[in-house]
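Below is one structure; the comments refer to it alone.
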Amino acid sequence: MKEMSRIVKTVTNFVYGFIIIFGFYIIAHGHLTPGGGFQGGAVVGSAFALLLVSYGSLNSNKFLKKDIFSLFENFGLTLFIVLGFSGLGITFFYNFLANSGSWFGDAAVIGINPGDMNTGGVIPLMNIAVGLEVLSAFGVILLTMARGAEFTKKKENS
Amino acid sequence: MKKIIFGIAFIIFFSFLIVSAVNMRTFGEPTISEMDDYFIENAQSETGANNVVTSIVFDYRGFDTLGEATVLFTAVVGIVALFRGGKK
Numbered sequence: 622m623k624e625m626s627r628i629v630k631t632v633t634n635f636v637y638g639f640i641i642i643f644g645f646y647i648i649a650h651g652h653l654t655p656g657g658g659f660q661g662g663a664v665v666g667s668a669f670a671l672l673l674v675s676y677g678s679l680n681s682n683k684f685l686k687k688d689i690f691s692l693f694e695n696f697g698l699t700l701f702i703v704l705g706f707s708g709l710g711i712t713f714f715y716n717f718l719a720n721s722g723s724w725f726g727d728a729a730v731i732g733i734n735p736g737d738m739n740t741g742g743v744i745p746l747m748n749i750a751v752g753l754e755v756l757s758a759f760g761v762i763l764l765t766m767a768r769g770a771e772f773t774k775k776k777e778n779s
Numbered sequence: 028m029k030k031i032i033f034g035i036a037f038i039i040f041f042s043f044l045i046v047s048a049v050n051m052r053t054f055g056e057p058t059i060s061e062m063d064d065y066f067i068e069n070a071q072s073e074t075g076a077n078n079v080v081t082s083i084v085f086d087y088r089g090f091d092t093l094g095e096a097t098v099l100f101t102a103v104v105g106i107v108a109l110f111r112g113g114k115k
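Sequences listed follow chains P and G, in order.
The opening residue of the first sequence carries number 622 in our numbering; numbering runs sequentially from there.
The opening residue of the second sequence carries number 28 in our numbering; numbering runs sequentially from there.
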């Protein structure tokens with residue numbers, strides 16, 4: 622995949638940070654606003670796709686590392702399973718942090734209200750875990766497919 | 028002969044569909060709503076999250092979400108195994 626023109630690259634440099642910040646906002650506020658781990662991870666993954674398309678697969682290998690994405694993917698899934706097992710004193714996937722007073726443990730105000738970040742128990746942590754997993758899954762899929770396309774093109778030319 | 032058997036089977040299944048469509052509730056009347064009412068009334072106080080959909084997805088049905096995450100992980104592993112071949 623060749624890199625695109627200078628206009629596309631300049632616009633990408635302006636925009637991609639905002640897309641990543643918006644995706645992490647959706648992940649972090651999953652227990653208050655519409656959205657959550659899957660959706661926010663997809664938004665961050667679209668920023669990676671934009672970088673990959675505009676800079677070309679050879680240049681973007683310098684700043685999008687497949688190994689780091691792979692590490693984050695494993696970390697996200699492991700964190701999710703560990704959080705599920707931590708509630709095993711009562712049931713699997715028990716929300717042991719909700720209304721406990723510790724991390725994310727404040728009681729929510731009943732009724733329609735804008736909400737408080739420090740509520741939700743285990744749900745925000747699970748959102749972060751799933752979000753990490755989805756965004757790094759996007760990164761791994763994009764980079765591997767781009768490399769495969771590069772490989773087949775080289776083979777056809779030779 | 029095969030066509031006749033298929034035709035008879037089609038008519039039988041289609042009659043089941045017709046019967047169940049006739050017996051359906053009238054449009055706009057909800058079915059039994061005990062579970063929905065439980066979620067709407069208790070989700071905020073039990074899980075502490077304002078977003079009831081997220082509290083269902085990640086708390087009441089966390090096992091389902093674990094399956095989704097595992098499916099995604101398996102898809103990534105399959106794609107990496109498919110496109111990995113050859114040297115750099």
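Even for Gly, the Cβ is constructed at its ideal location relative to N, Cα and C.
Residue i versus chain P: which residues are under 7 angstroms apart at the beta carbon?
i: Gly89/G; result: Gly705 and Phe714
i: Ala96/G; result: Leu698, Phe701, Val751 and Glu754
Just checking my contact of residue i with residue j at CB under 8 angstroms: how many whole Å lie between their CB atoms?
i: Ile83/G; j: Phe66/G; result: 6 angstroms
i: Ala96/G; j: Glu754/P; result: 6 angstroms
i: Ile744/P; j: His652/P; result: 5 angstroms
i: Arg768/P; j: Phe110/G; result: 7 angstroms
i: Asn720/P; j: Gly708/P; result: About 14 angstroms; that fails the 8 angstroms criterion.
i: Ile640/P; j: Gln660/P; result: The Cβ separation is near 13 angstroms, so there is no contact.
i: Val761/P; j: Lys687/P; result: 6 angstroms
i: Thr765/P; j: Val107/G; result: 5 angstroms
i: Gly34/G; j: Phe714/P; result: Actually they do not touch by this definition, with Cβ atoms about 49 angstroms apart.
i: Met747/P; j: Leu704/P; result: 6 angstroms
i: Gly726/P; j: Gly742/P; result: 6 angstroms
i: Leu673/P; j: Leu763/P; result: 5 angstroms
So residue i contacts chain G; which residues on that side make the cut at Cβ distance below 7 angstroms?
i: Val761/P; result: Val103 and Val107
i: Met747/P; result: Phe85
i: Ile744/P; result: Thr74, Ala76, Thr81, Ser82, Phe85 and Asp86
i: Gly769/P; result: Phe110
i: Gly741/P; result: Thr74, Gly75 and Ala76
i: Ile731/P; result: Gln71 and Ser72
Closest to residue i by C-alpha separation, out of the options, would be which residue?
i: Gly75/G; options: Leu763/P, Lys687/P and Val730/P; result: Val730/P
i: Asn739/P; options: Ile733/P, Phe693/P and Ser723/P; result: Ser723/P
i: Glu771/P; options: Gly657/P, Ile648/P, Asn682/P and Arg627/P; result: Asn682/P
i: Glu68/G; options: Ser757/P, Val761/P, Ala758/P and Ile733/P; result: Ile733/P
i: Asn78/G; options: Lys775/P, Ala668/P, Pro655/P and Gly644/P; result: Pro655/P
i: Phe635/P; options: Glu694/P, Gly658/P, Ser675/P and Gly657/P; result: Ser675/P
i: Phe643/P; options: Thr699/P, Glu624/P, Asn695/P and Gly666/P; result: Gly666/P
i: Gly662/P; options: Ser47/G, Asp91/G, Ser72/G and Leu99/G; result: Leu99/G
i: Tyr637/P; options: Lys774/P, Leu671/P and Val629/P; result: Leu671/P
i: Ile689/P; options: Gly658/P, Gly726/P, Glu624/P and Ala758/P; result: Ala758/P
i: Pro735/P; options: Gly89/G, Thr92/G and Gln71/G; result: Gln71/G
i: Thr633/P; options: Gly657/P, Met622/P, Gly677/P and Phe645/P; result: Gly677/P
i: Asp63/G; options: Arg52/G, Tyr87/G and Met28/G; result: Tyr87/G
i: Thr81/G; options: Lys623/P, Val664/P and Gly657/P; result: Gly657/P
i: Val751/P; options: Glu777/P, Gly726/P, Leu763/P and Glu694/P; result: Glu694/P
i: Phe85/G; options: Ser626/P, Ile702/P, Met625/P and Lys623/P; result: Ile702/P
i: Glu73/G; options: Lys774/P, Ala728/P and Ile749/P; result: Ala728/P
i: Glu624/P; options: Leu756/P, Lys774/P, Thr631/P and Asn680/P; result: Asn680/P
i: Ala645/P; options: Leu756/P, Lys775/P, Asp737/P and Thr773/P; result: The residue you asked about is not Ala; residue 645/P is Phe in the sequence shown. When each option's Cα is compared against that of Phe645/P, the closest is Leu756/P.
Who are the neighbours of residue i on chain P, taking C-beta pairs under 9 angstroms?
i: Phe33/G; result: Correct list: empty, because the minimum Cβ distance to chain P is about 42 angstroms.
Find the residues of chain P that neighbour residue i, judging by a C-beta separation of less than 8 angstroms, and give them in chain order.
i: Thr58/G; result: Near Thr58/G there are no residues of chain P at all, since even the closest Cβ is about 25 angstroms away, more than 8 angstroms.
i: Val84/G; result: Gly657
Please list the partners that residue i has in chain G, where partner means a Cβ-to-Cβ separation under 8 angstroms.
i: Leu685/P; result: In chain order: nothing, as chain G lies at least about 15 angstroms away.
i: Glu694/P; result: Phe100 and Val103
i: Met766/P; result: Ile106 and Phe110
i: Ala649/P; result: Going along chain G, no residue has its Cβ under 8 angstroms from Ala649/P, so there is no contact; the nearest lies around 12 angstroms.
i: Asp727/P; result: Gly75
Could you list which residues in chain G have their beta carbon closer than 9 angstroms to that of residue i, in chain order?
i: Leu653/P; result: Ala76, Asn77, Asn78 and Thr81
i: Asn720/P; result: Ser72, Glu73, Thr74 and Gly75
i: Gly736/P; result: Ala76, Asn77 and Asn78
Could one say the Cβ of residue i lies closer than 8 angstroms to chain C's Cβ atoms, at least one of them?
i: Leu93/G; result: Protein chains in the displayed structure are P and G, and chain C is not among them.
Any heavy atom of the ligand GTP within a distance shorter than 7 angstroms of the CB on residue i?
i: Thr81/G; result: As presented, the structure is devoid of all ligands, the ligand GTP included, so that no description of it is given.
Can you list, in chain order, the residues of the region 68-79 of chain G whose Cβ is nearer than 9 angstroms to any Cβ on chain P?
Gln71, Ser72, Glu73, Thr74, Gly75, Ala76, Asn77 and Asn78
Going along the chain, which residues of the region 663-684 of chain P sit with their C-beta nearer than 9 angstroms to a C-beta in chain G?
none
Can you give, in chain order, each stretch of the alpha helix (DSSP H) that sits fully within the region 723-765 of chain P and has at least 4 residues?
none
Only counting runs of 4 or more residues, tell me where the alpha helix (DSSP H) segments fall wholly within the region 50-102 of chain G, in order along the chain.
61-74 and 79-82
Alpha helix (DSSP H) runs wholly inside the region 666-735 of chain P, at least 4 long, in chain order
687-707
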